[in-house]
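Student:
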Ligand SMILES: Cc1ncc(C[n+]2csc(CCOP(=O)(O)OP(=O)(O)O)c2C)c(N)n1
Ligand SMILES: [Mg+2]
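Numbering (this note's numbering), first residue to last: 177 to 504.
1. Provide the residue span of the alpha helix (DSSP H) that contains residue 217, from first to last.
2. With DSSP run on the structure shown, which of helix, strand or coil describes residue 349?
3. Report the option in 240, 421, 452 whose CA atom is closest to the CA atom of residue 296.
4. What separation, rounded to the nearest whole angstrom, lies between the Cα atoms of residue 412 and residue 487?
5. If the criterion is Cβ atoms closer than 8 Å, does the pair residue 192 and residue 202 meet it?
6. Mind checking whether the beta-carbon of residue 488 lies closer than 7 Å to any heavy atom of ligand 1?
7. For ligand 2, list every residue whose C-beta falls under 6 Å from any of its heavy atoms, going in chain order.
8. Rounded to whole angstroms, how far is the Cβ of residue 307 from the Cβ of residue 236, which I believe are closer than 8 Å?
9. Going by DSSP in three states, residue 512 sits in which element: helix, strand or coil?
10. What does a CB cutoff of less than 6 Å around residue 218 pick up in its chain, not counting 5 residues either side in sequence?
11. On the DSSP letters alone, give me the boundaries of the alpha helix (DSSP H) that residue 205 sits inside.
12. Which word fits residue 327, buried or exposed, when buried means at least 16 other C-beta atoms lie within 10 angstroms of its C-beta?
13. Which ranges does the alpha helix (DSSP H) cover as unbroken runs of at least 4 residues, wholly within the segment 304 to 368, from first to last along the chain?
14. Which first and last residues belong to the alpha helix (DSSP H) in which residue 382 is found?
15. Mark residue 364 as exposed unless 16 or more other C-beta atoms lie within 10 angstroms of its C-beta, in which case mark it buried.
16. Excluding five sequence neighbours on each side, which residues of the same chain lie with their C-beta closer than 6 Å to the C-beta of residue 247?
17. Taking residue 299 and residue 225 to be in contact with their CB atoms under 8 Å, please state how far apart those CB atoms are, rounded to whole angstroms.
18. Quick one: what does DSSP say residue 410 is sitting in, helix, strand or coil?
19. With DSSP run on the structure shown, which of helix, strand or coil describes residue 468?
20. Compute every distance between the C-beta of residue 348 and the non-hydrogen atoms of ligand 4, then say whether any falls below 7 Å.
21. In terms of alpha-carbon separation, which member of 447, 393, 402 lies closest to residue 340?
22. Helix, strand or coil: which one does DSSP assign to residue 390?
23. Over what stretch of residues does the alpha helix (DSSP H) that includes residue 442 continue unbroken?
24. Going along the chain, which residues of its own chain have a beta-carbon closer than 7 Å to the beta-carbon of residue 209, five neighbours each way excluded?
25. Could you tell me which residues DSSP pairs with residue 236 in its beta bridges?
26. Could you tell me the alpha carbon to alpha carbon distance between residue 194 and residue 369, rounded to whole angstroms?
27. Decide yes or no for the touch test of the segment 330 to 348 against the segment 258 to 276: beta carbon pairs closer than 8 Å, at least 3 of them.
28. Run the CB neighbour count on residue 482, radius 10 Å, all protein chains shown included, and call it buried at 16 or more, exposed below.
29. According to DSSP, what are the bridge partners of residue 475?
30. Quick check on the burial criterion: 16 or more other C-beta atoms within 10 angstroms. Buried or exposed for residue 456?
31. Is DSSP giving residue 486 helix, strand or coil here?
32. Measuring only from the beta carbon, is residue 240 closer than 7 Å to any heavy atom that is part of ligand 1?
Here is the structure:
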C-alpha cells in the first residue's frame with residue numbers, strides 16, 4: 177500500500193504527540209499533579225498511529241486502560257485529555273472519569289475502558305450497527321495480549337466472524353499482563369493463531385514498524401469496508417514503563433527494556449525521512465518543537481481549568497447526553 181509523504185509526516189506528528197503527551201503525563205504524575213492511575217503507552221506509538229491512519233473521522237475505535245495513544249491517533253483533543261487527567265472541569269468527562277474513561281463521540285472514539293476485555297464486545301456492537309445501517313464504516317478494536325484470555329475476546333471474534341462484521345481486531349502484544357509475562361499467561365507465542373478458530377485471517381507483525389502496521393491494518397480495513405469481515409492483527413511491541421506509573425517493574429528480566437529501547441519506533445521513521453530526503457534535521461526539530469508547544473498548552477489549559485464544584489458531584493453520573501462529543 178502506498179503511503180504519501182504527507183501521510184507519513186502526519187503519522188510522525190501523531191507519534192510525537194503521543195510520546196510527548198505521555199512523557200509529560202509521566203512527569204506530572206510523579207509531581208503529584210495527576211491523581212488516580214495512569215497506564216502509559218510510551219514505546220507502542222506505532223501501533224495506534226499506523227492503525228488509525230487508515231481510518232476516516234466517521235470510523236470507530238474502542239480502546240483500553242492504556243488508551244491515550246489510541247485517542248490521540250483518532251483525533252482526540254490534547255487539552256480536554258490533559259484536563260481530564262488532572263481531574264478538572266474542562267476535561268472530557270468534566271474531571272469525573274480520569275485517564276481510563278476518555279471518549280469522544282464526535283471522533284468515533286467509543287471510549288477507553290478500565291475493564292480488561294470490555295472493548296471487544298463494544299467493537300462488535302459498533303460493527304453490527306454499521307452493518308445494519310449499511311454504511312462502509314469500520315471499527316478498530318485495540319486490546320492487549322492478556323485480554324485475549326478473557327471470554328469476551330473469544331465471543332467477540334466468534335460473532336464478528338459469523339456475521340462478517342467490519343471490525344479490525346488489533347492486538348498490542350507488549351509481552352505482559354501487569355507483571356505476568358506472556359509465556360506465563362498463555363501457551364501460545366503468536367496470538368494471531370487464535371484467528372483460525374474463528375475462520376478469520378490472523379497475522380503477526382512488528383508493532384514497532386509504523387509501515388508494517390499501516391499496511392497490515394490498511395488491508396484489513398479495506399476488506400472490512402467491502403463487507404469481507406474481520407481480521408485479527410497481532411502487533412508485537414513493548415511497554416517501556418511499568419504497567420501503571422509507580423510499578424517498580426521488578427519482574428522484568430535484566431536487559432529486556434534496553435533491547436526494546438533500541439527498537440524505538442520513532443527514530444526509525446526519522447531515519448527514513450533523512451535517508452529518503454523527505455525531511456531535514458531542522459524540519460524534524462521544528463516539528464518536535466511544535467509538538468512540545470502543543471503539550472505545554474494542554475498542560476496550561478488543564479492547570480487553568482477549575483476543579484469540579486462540590487455541587488456537580490452527582491451531576492451526569494448516570495447521564496448519557498452527549499454534546500459536542502463530551503458527556504455533559
Ligand atoms: C475484567 C478485569 N480483570 C482484571 C483487571 C485488572 N487488570 C488491569 S490491566 C490488566 C492486564 C492487562 O494486560 P493486557 O491486556 O496485556 O494490556 P496491557 O496492560 O499490557 O496494555 C489486568 C489484569 C481488570 N481491569 N479488568
Ligand atoms: Mg499486555
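Each residue gets a CB set at the ideal place from its N, CA and C atoms; glycine is no exception.
All values reported here derive from a predicted model rather than from experimental measurement.
Tutor: Reading it off the structure:
1. It is not in any alpha helix (DSSP H) - residue 217 carries neither H nor E in the DSSP assignment.
2. strand
3. 240
4. 46 Å
5. no
6. no
7. Having a Cβ closer than 6 Å to some heavy atom of ligand 2 are 320, 321, 322, 350, 352, 353.
8. Not confirmed; about 13 Å, so no contact.
9. With the chain running from 177 to 504 in the structure shown, residue 512 is simply not present.
10. Taking C-beta separations shorter than 6 Å and ignoring five residues to either side along the sequence, the partners of residue 218 in its chain run 198, 416, 417, following chain order.
11. 181 to 206
12. exposed
13. For the segment 304 to 368, whole alpha helix (DSSP H) runs of length 4 or above, ordered along the chain, are 327 to 338, 358 to 361.
14. No alpha helix (DSSP H) contains residue 382, which is instead part of the beta strand (DSSP E) from 378 to 382.
15. exposed
16. 278, 285
17. About 19 Å separates the two Cβ atoms, so there is no contact after all.
18. In this structure, residue 410 counts as strand in the three-state DSSP scheme.
19. helix
20. In the structure on display, ligand 4 does not appear, and the ligands it does have are ligand 1 and ligand 2.
21. 402
22. helix
23. Its alpha helix (DSSP H) spans residues 441 to 451.
24. 262
25. Looking at the DSSP output, residue 236 shares a beta bridge with 315.
26. 30 Å
27. no
28. exposed
29. Answer is none; residue 475 lacks a bridge partner.
30. exposed
31. helix
32. yes
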